[in-house]
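Structure, as structure tokens:
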Amino acid sequence: MKLVVMTKSTYFVEEDKILTALFEEGLDNLHISKTEKSALYLERLLSLIPNTYHRYITVHQHYYLKAEKSLAGIHLDTENAVPPIGYKGQIGRTCRNSMLLKEMRKSSDYVFLGNVYGSEHDNFDEEHTFSDFELNELNDQGLLGKRVYAMGGITLERISDIKQYGFGGVVVGEEFWNQFDLHADTDFKGIIKYFRKLQQATE
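Using our numbering, the first residue of the sequence shown is number 7, and each one after it goes up by one.
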């Protein structure tokens with residue numbers, strides 16, 4: 007089962023150090039999604055992360071950086087978003103409507119099924135979440151599988167349930183970053199420890 011880490015929606019001082027430490031622990035799928043519209047901050051963040059880890063990074067904005075920084079791919083956050091003209095490479099999509107899941111699977115390399123348990127990012131409003139019945143129905147219809155990842159409200163305790171639904175991976179975001187207190191923590195031991203537990207749970 008794949009483990010994906012989604013960044014916080016805002017930049018913070020220690021971010022590059024934590025991300026590098028996570029890569030050193032074995033993180034191989036990082037998604038950078040930010041509300042800041044300027045590309046300068048993203049370019050700076052990428053410049054602070056060793057180049058050897060760039061191939062594990064997918065961007066949700068400023069798609070030109072995929073080629074410029076030799077990143078893993080790009081991700082489209084909305085159902086009607088389209089990749090840049092002439093783009094070649096890995097494409098992921100976020101789907102929050104199960105009626106569109108089948109079609110979105112066809113037009114992408116993988117899909118994040120959003121709002122499985124709740125909002126997946128601190129800048130999203132609460133939307134429809136999926137019931138056990140709905141998730142089982144999607145699984146029975148063969149619409150989940152290894153190329154569909156669960157996103158939204160994903161916690162360590164919920165991973166065993168997610169496995170049973172047939173998801174190919176999980177995306178951790180807000181709950182994951184809550185393991186690091188920007189104002190109080192002086193090291194990254196807490197969030198690294200939590201990451202290790204997530205690794206074990208998704209094996």
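Using N, Cα and C, we set each Cβ at its ideal position, and we do this for glycine too.
Small disclaimer: the values here were computed from a predicted structure and weren't measured.
I need the DSSP call for Ile-168, collapsed to helix, strand or coil.
Locating residue 168 in the sequence shown gives position 162, counting from the first residue. Reduced to three states, the DSSP call for Ile-168 is helix.
Local conformation of Thr-100 per DSSP, three classes:
As a working mapping, residue 100 is identified with position 94 in the sequence shown. Assigned with DSSP and collapsed to three states, Thr-100 falls in strand.
Is the beta carbon of Lys-169 less than 8 Å from the beta carbon of Met-7?
Translated into the one-based positions of the sequence shown, residue 169 becomes position 163. Translated into the one-based positions of the sequence shown, residue 7 becomes position 1. Note that the C-beta distance between Lys-169 and Met-7 is below 8 Å.
Host beta strand (DSSP E) of Arg-202 (start-end)
For this step, residue 202 is matched to residue 196 along the sequence shown. In the DSSP assignment, Arg-202 falls outside any beta strand (DSSP E) and lies within the alpha helix (DSSP H) extending over 195-208.
What are the start and end residues of the alpha helix (DSSP H) that includes Leu-46?
Indexing the sequence shown from 1 puts residue 46 at position 40. For Leu-46, the enclosing alpha helix (DSSP H) covers residues 45-54.
So, helix, strand or coil for Ala-73, using DSSP?
The residue labelled residue 73 in the question sits at position 67 within the sequence shown. In the structure shown, Ala-73 sits in a helix (DSSP, three-state: H, G or I).
Leaving out five residues before and five after Leu-150 in sequence, what residues of the same chain have Cβ atoms less than 7 Å from its Cβ?
The residue labelled residue 150 in the question sits at position 144 within the sequence shown. These residues qualify, in order along the chain: Leu-144, Tyr-171, Gly-172 and Phe-173.
Leaving out the 5 sequence neighbours to the left and right, which residues in its chain are closer than 7 Å to Lys-203 when beta-carbon positions are compared?
Taking the first residue of the sequence shown as position 1, residue 203 is located at position 197. Cβ neighbours of Lys-203 beyond the five flanking positions: Leu-162.
Apart from the five residues just before and just after Gln-96, which ones in its own chain have a Cβ nearer than 7 Å to its Cβ?
Locating residue 96 in the sequence shown gives position 90, counting from the first residue. If we look at Gln-96 and ignore the five residues flanking it on each side, its Cβ neighbours are Ala-78, Gly-79 and Asp-115.
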